[in-house]
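Just so you know, we're using my numbering here: the sequence shown kicks off at 3 and counts up by one.
For reference, the structure discussed in these notes is given below.
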Amino acid sequence: MKILYVDNKLVLREKIINYLGIEDMHGSIFRADDISEAIGILNDNNVDVIVIEEELAGGKLNSLISKINSAGKNPVLIFLTSFKRLYYGKDYEKSGLVYFFDKNTELKKLKLFLNGITISKQK
């Protein structure tokens, strides 16, 4: 499974990647510091999952969603936030984001979720 993790905080990004066991259990991991870099990675690679840090969403998130849609790709999109889903919910659901996890309280749930995706892809 190929995962793209988009976050400009290098130390935090690596800690979360290590905690989630992405490199050990899930295969390839691509790292991007911003949405523009993520789009560049998507130009050259097919990914199964995209994890986007909340602070990077902004206006460029629509560019990323457009790139995914125009390429006919259907990765699982995960929005990693510091707030409850209800705070952002409707605005980002319109953009195509379908899963929200609070990075302060739901990393274990995210880990289980990614494990489930990996298992389903192996079948």
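The beta-carbon is built from N, C-alpha and C at its ideal position, and this holds for glycine as well.
Beta-carbon separation (whole angstroms), residue i vs residue j, contact threshold 8 Å
| i | j | result |
| --- | --- | --- |
| Thr-107 | Met-27 | With a Cβ gap of about 22 Å, Thr-107 and Met-27 do not count as contacting. |
| Ile-80 | Ile-41 | About 17 Å separates the two Cβ atoms, so there is no contact after all. |
| Pro-77 | Asp-50 | 6 Å |
For residue i, three-class secondary structure by DSSP
| i | result |
| --- | --- |
| Ser-84 | coil |
| Asp-104 | strand |
| Lys-62 | coil |
| Lys-4 | strand |
Residue nearest to residue i in terms of C-alpha spacing, selected from the options
| i | options | result |
| --- | --- | --- |
| Asn-64 | Tyr-7, Ile-37 and Asn-76 | Ile-37 |
| Lys-11 | Arg-33, Glu-25, Ile-52 and Ile-5 | Arg-33 |
| Lys-105 | Ile-5, Leu-6, Arg-15 and Met-3 | Arg-15 |
| Lys-113 | Asn-47, Lys-62, Glu-25 and Asp-9 | Glu-25 |
| Val-8 | Lys-17, Asp-35, Ile-31 and Ser-30 | Asp-35 |
| Leu-82 | Lys-110, Phe-103 and Asn-117 | Phe-103 |
| Ser-30 | Asn-117, Ser-72 and Ile-5 | Ile-5 |
Enclosing beta strand (DSSP E) for residue i [first to last residue]
| i | result |
| --- | --- |
| Val-51 | 51–55 |
Host alpha helix (DSSP H) of residue i (start-end)
| i | result |
| --- | --- |
| Asn-45 | 37–46 |
| Asn-20 | 12–22 |
Touching by the beta-carbon criterion (3+ pairs, under 8 Å), the region 12–25 and the region 64–72: no
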